[in-house]
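Here's the structure, in structure tokens; my notes come after.
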Amino acid sequence: MSGDLDLEQRYRRVLRRLPRYYRDKWEEDMVATFLDGWLTGDPDEDSVTMEYDRPTREEILSVIGLAARLHLGGTGAPRRYFAWGQAVRNAVLGVMLAHAVWGLSQLALFARSRHVIGWLPPPPGGFWPMFGYATGYAWIVVFVALVLADYRTARVGAVLVLGADVAIVLHQQVAGTLVSPAATWAYTAVIDVAPVVAMAAFHRDAPPVRRWPWLLALPAWYLLVAVPVLWAELSGHAAWVPDVAGRCCLLLAVVCLFHAARVWTGRADTGVWSLTLMLLAAVTGLYRVISLPIFAQDPHLIMVGLVELLILALATALVAPDAVRSQTAAPAPLGYQELR
Amino acid sequence: MAMKSMTGQAFFVLTALADGPRHGYGIVREVVDLSQGRVKLKIGSLYGVLDRLSADGLIEPDREEAHDGRLRRYYRLTADGRRALAEEADLRAATAHVVRARLGLTGPEAAGAAG
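Sequence lines, in order, name chains A and W.
Under our numbering, the residue at position 139 of the first sequence is numbered 139, and the numbers go up by one with no gaps.
So the mapping is simple: our numbering equals the position in the second sequence, first residue as 1, plus 1000.
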């Protein structure tokens, strides 16, 4: 029980959030420095301090911040922590890429509203749809800023977009246009809030992102996936097009299959990308599960959603053994290339 | 390889070690004095900075001393750390000079105008 602990023990409990390798190196020194800040040398006063005082909230937050940076390791961190850091950074980029593709789609709809692209159907007008388009464009800015390592712009932009998204969902709930408010809030948390929080992985020690593959992925995804989906919807084949969560499941399953082929032919040797795909699969799978209640009135669509989930799970299982290899406790090699 | 820019906290920690080795709490107090109370390093922040500076070869352990039953570890600047600190100080001084010039705060004419 924390009531039986003295100040030193309470602080050591806080330090348990730090990785073991880091505690082995710094814990005793941190405890000594911490206690130096509290103890006066007066035995009576120090006795009371040790018994009743606790680490301040600011001290605890500073350790939590340090722990987050260390667990999502950058260059020079032990392999295990570096792998997690890279996987989270790649996964965040993947989710932001999906948001940016959605933003490009919004841009096309907006262009139609300005009569630039004649064959698209006219989008709904009014403040809230326009506000929705604006948040879509902002995701493009956030994604590009992240790829270009302008982390401050990316973070500020992401927080603003997040606020706008929450406002839009709130408006829809008040207007009574949400089919399943609980599901909508849940997947907003999973695909909007969680990736923005995980942007903490882009810290000072994070290696730079390889720009061109990520930047090219944006038009590639848009042209190869978003445009055909739009075409199918406009040509009367909408029933064959999975919803957004379903498309993400199937697309990720295809990527897993391609990556598994690379692993089997020995062209992916760090395991980091397998770990990335597992993280993305967890987010996407969760997104699929919590968006299913939207189809509560249609058992057929529920079944389709479950099949999408099964396909994703099977594809992810192919890369799981390789993801385990990323956890071996060797230091991250110098000059590490994330796309090997 | 391009050198990363130095953070304000790292600059203060290196400056605190410029005139001799200090232990962790000694650095915290010195940084408060140097910054005239504006920077109060928390322990998590301090050891994040110390770990990074140590990994970059800018500081190194100096010695350990027993104090009230605990070991205090002292740190000192390395030659690279001294060089990096001098370069950063020059850079900041040059930047400050430009800022003061743009604000019209440098030179005797500015002082005269102010008077």
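Think of the CB as a built atom: it goes at the ideal place given N, C-alpha and C, for glycine as much as any other residue.
Chain A within 8 angstroms of W:Ala1055, Cβ atoms only: The residue given as residue 1055 of chain W occupies position 55 in the second sequence. For W:Ala1055, the answer is yes, since a Cβ of chain A falls inside 8 angstroms of its Cβ.
Taking all protein chains shown into account, do 16 or more other C-beta atoms lie within 10 angstroms of the C-beta of A:Pro55, making it buried, or fewer, making it exposed? Counting from one through the first sequence, the residue named residue 55 of chain A turns up at place 55. Answer is buried; the Cβ neighbour count reaches 16.
Where W:Leu1041 falls: helix, strand or coil (DSSP): The count along the second sequence starts at 1 and reaches residue 1041 of chain W at position 41. Residue state, collapsed to three classes: coil.
Roughly how many whole angstroms lie between the Cα atoms of A:Arg155 and A:Val142? Along the first sequence, read from residue 1 onward, the residue named residue 155 of chain A stands at position 155. Along the first sequence, read from residue 1 onward, the residue named residue 142 of chain A stands at position 142. Taking the straight line joining both Cα atoms gives about 7 angstroms.
Identify which residue in A:Tyr222, A:Ile294, A:Val31 and A:Arg247 has its Cα closest to the Cα of W:Arg1070. For the purposes of this step, residue 1070 of chain W is identified with residue 70 of the second sequence, where counting begins at 1. Looking at the Cα atoms, A:Val31 is the closest of the given residues.
Could you give the C-beta distance for A:Trp38 and A:Leu18, rounded to a whole number, given that I count them as a contact under 8 angstroms? For the purposes of this step, residue 38 of chain A is identified with residue 38 of the first sequence, where counting begins at 1. For the purposes of this step, residue 18 of chain A is identified with residue 18 of the first sequence, where counting begins at 1. Contact doesn't hold; Cβ gap of about 20 angstroms is too wide.
Inter-residue spacing [alpha-carbon to alpha-carbon] between A:Met61 and A:Thr75: The residue you call residue 61 of chain A lines up with position 61 of the first sequence. The residue you call residue 75 of chain A lines up with position 75 of the first sequence. Note that residue 61 of chain A is Leu in the sequence shown here, rather than Met. So the alpha carbons of these two residues sit roughly 23 angstroms apart.
Run the CB neighbour count on A:Ser291, radius 10 Å, all protein chains shown included, and call it buried at 16 or more, exposed below. As a working mapping, residue 291 of chain A is identified with position 291 in the first sequence. Buried: at least 16 other Cβ atoms inside 10 Å.
Could I get the ranges of all uninterrupted beta strand (DSSP E) runs contained in the stretch 19-98 of chain A, with 3 residues as the minimum, in chain order? none
Look at the alpha carbon of A:Pro181 and the alpha carbon of A:Ala138, and state the distance between them as a whole number of angstroms. The sequence position of residue 181 of chain A within the first sequence is 181, counting from 1. The sequence position of residue 138 of chain A within the first sequence is 138, counting from 1. Going from the Cα of A:Pro181 to the Cα of A:Ala138 covers about 24 angstroms.
Close-in-space but distant-in-sequence residues of the same chain around A:Ala296 (CB under 6 angstroms, 5 per side omitted): Residue 296 of chain A sits at position 296 when you count from the first residue of the first sequence. Here the set comprises nothing.
Using a Cβ-Cβ cut-off of less than 9 angstroms, list which residues of the stretch 22-45 of chain A approach chain W; keep chain order. Tyr22, Lys25, Trp26, Glu28, Asp29, Met30, Val31, Ala32, Thr33, Phe34, Leu35, Asp36, Gly37, Leu39 and Gly41
8 angstroms Cβ cut-off: residues of chain W touching A:Leu306: For the purposes of this step, residue 306 of chain A is identified with residue 306 of the first sequence, where counting begins at 1. What A:Leu306 touches in chain W: nothing, since even the nearest Cβ is about 45 angstroms away.
Span of the alpha helix (DSSP H), counted from its first residue to its last, around W:His1067: Looking up residue 1067 of chain W in the second sequence gives position 67. It is not in any alpha helix (DSSP H) - W:His1067 instead sits in the beta strand (DSSP E) that spans Ile1059 to His1067.
Can you list, in chain order, the residues of its chain whose CB lies under 6 angstroms from that of A:Gly73, leaving out five sequence neighbours each side? In the first sequence, counting from the first residue as 1, residue 73 of chain A sits at position 73. The residues Tyr81, Phe82 and Gly85, in chain order, have a CB closer than 6 angstroms to that of A:Gly73 in the same chain once the five nearest residues on each side in sequence are set aside.
A:Asp69: contacting residues in chain W (beta-carbon distance under 8 angstroms): Numbered from its first residue, the first sequence carries residue 69 of chain A at position 69. The sequence shown places Arg at residue 69 of chain A, rather than the Asp named in the question. The contacting residues are Gly1048.
Report the three-state DSSP secondary structure of A:Arg17 (helix, strand or coil). As a working mapping, residue 17 of chain A is identified with position 17 in the first sequence. Note: A:Arg17 maps to coil in three-state DSSP.
Endpoints, beta strand (DSSP E) assigned at A:Tyr222: Counting from one through the first sequence, the residue named residue 222 of chain A turns up at place 222. In the DSSP assignment, A:Tyr222 falls outside any beta strand (DSSP E), carrying neither H nor E.
Proximity of A:Val319 and A:Ser274 at Cβ, strictly below 8 angstroms: Along the first sequence, one-based indexing puts residue 319 of chain A at 319. Along the first sequence, one-based indexing puts residue 274 of chain A at 274. Yes, the pair counts as a contact, with Cβ atoms nearer than the cut-off.
Identify whether W:His1129 lies in helix, strand or coil by the three-state DSSP scheme. The structure shown does not extend to residue 1129 of chain W, since chain W is modelled only from 1001 through 1115, so no value can be given for it.
So which residues of chain A does W:Tyr1025 contact, with C-beta pairs closer than 9 angstroms? Along the second sequence, read from residue 1 onward, the residue named residue 1025 of chain W stands at position 25. Under the 9 angstroms cutoff, chain A gives Ala32, Thr33, Phe34, Leu35, Asp36 and Gly37.
Counting C-beta neighbours from all protein chains within 10 Å, is the total for A:Gly94 16 or more, i.e. buried, or is it exposed? Within the first sequence, residue 94 of chain A is the residue found at index 94, counting from 1. A:Gly94 comes out buried.
By the three-class DSSP mapping on this structure, what secondary structure does W:Arg1072 have? Position 72 of the second sequence holds residue 1072 of chain W. Here W:Arg1072 sits in strand by DSSP.
Just tell me which of W:Leu1017, W:Arg1022 and W:Leu1041 has its CA closest to the CA of W:Glu1065. Walking along the second sequence from the start, residue 1065 of chain W turns up at place 65. Per the Cα distances, W:Arg1022.
Using a Cβ-Cβ distance under 8 angstroms, would W:Ser1045 count as near chain A? Working through the second sequence from its first residue, we reach residue 1045 of chain W at position 45. For W:Ser1045, the answer is yes, since a Cβ of chain A falls inside 8 angstroms of its Cβ.
Helix or strand or just coil, what does DSSP make of A:Leu148? On the first sequence, position 148 is the one that residue 148 of chain A refers to. Here A:Leu148 sits in coil by DSSP.
Check whether chain D comes within 8 angstroms of A:Gly73, counting only Cβ atoms and requiring the distance to be less than that. No chain D is part of this structure, whose protein chains are labelled A and W.
What is the rounded straight-line gap between the Cα of W:Val1039 and the Cα of W:Met1006? Locating residue 1039 of chain W in the second sequence gives position 39, counting from the first residue. Locating residue 1006 of chain W in the second sequence gives position 6, counting from the first residue. Distance between the alpha carbons of W:Val1039 and W:Met1006: 16 angstroms.
DSSP bridge partner residues for W:Leu1077 (one or two, in chain order): For the purposes of this step, residue 1077 of chain W is identified with residue 77 of the second sequence, where counting begins at 1. Paired residue(s): W:Ile1059.
Assuming W:Leu1085 contacts W:Thr1015 (C-beta within less than 8 angstroms), just tell me the rounded distance between them. Within the second sequence, the letter at position 85 stands for residue 1085 of chain W. Within the second sequence, the letter at position 15 stands for residue 1015 of chain W. The pair is a contact, with the Cβ atoms about 7 angstroms apart (cut-off 8 angstroms).
How should W:Phe1012 be labelled, buried or exposed, when 16 other C-beta atoms within 10 angstroms of its C-beta is the threshold for buried? For the purposes of this step, residue 1012 of chain W is taken as residue 12 along the second sequence, with counting starting at 1. Buried: at least 16 other Cβ atoms inside 10 Å.
The alpha helix (DSSP H) that contains A:His237, what's its start and end? Position 237 of the first sequence, counted from the start, is the residue given in the question as residue 237 of chain A. Taken as a continuous stretch (DSSP letters only), A:His237 belongs to no alpha helix (DSSP H), as it is neither H nor E.
Starting from A:Pro299, trace the alpha helix (DSSP H) both ways and give me its first and last residue. Translated into the one-based positions of the first sequence, residue 299 of chain A becomes position 299. Run containing A:Pro299: Pro299 to Arg325, per the alpha helix (DSSP H) assignment.
Are A:Pro293 and A:Ala183 close, meaning C-beta to C-beta below 8 angstroms? For this step, residue 293 of chain A is matched to residue 293 along the first sequence. For this step, residue 183 of chain A is matched to residue 183 along the first sequence. Contact: yes.
Give the range of the alpha helix (DSSP H) segment to which A:Gly246 is assigned. Position 246 of the first sequence, counted from the first residue, corresponds to residue 246 of chain A. Looking at the DSSP string, the run of the alpha helix (DSSP H) that includes A:Gly246 is Val244 to Trp264.
Within this structure, are the beta carbons of A:Ala323 and A:Gly266 separated by less than 8 angstroms? Taking the first residue of the first sequence as 1, we reach residue 323 of chain A at position 323. Taking the first residue of the first sequence as 1, we reach residue 266 of chain A at position 266. No, Cβ-Cβ distance for A:Ala323 and A:Gly266 is not below 8 angstroms.
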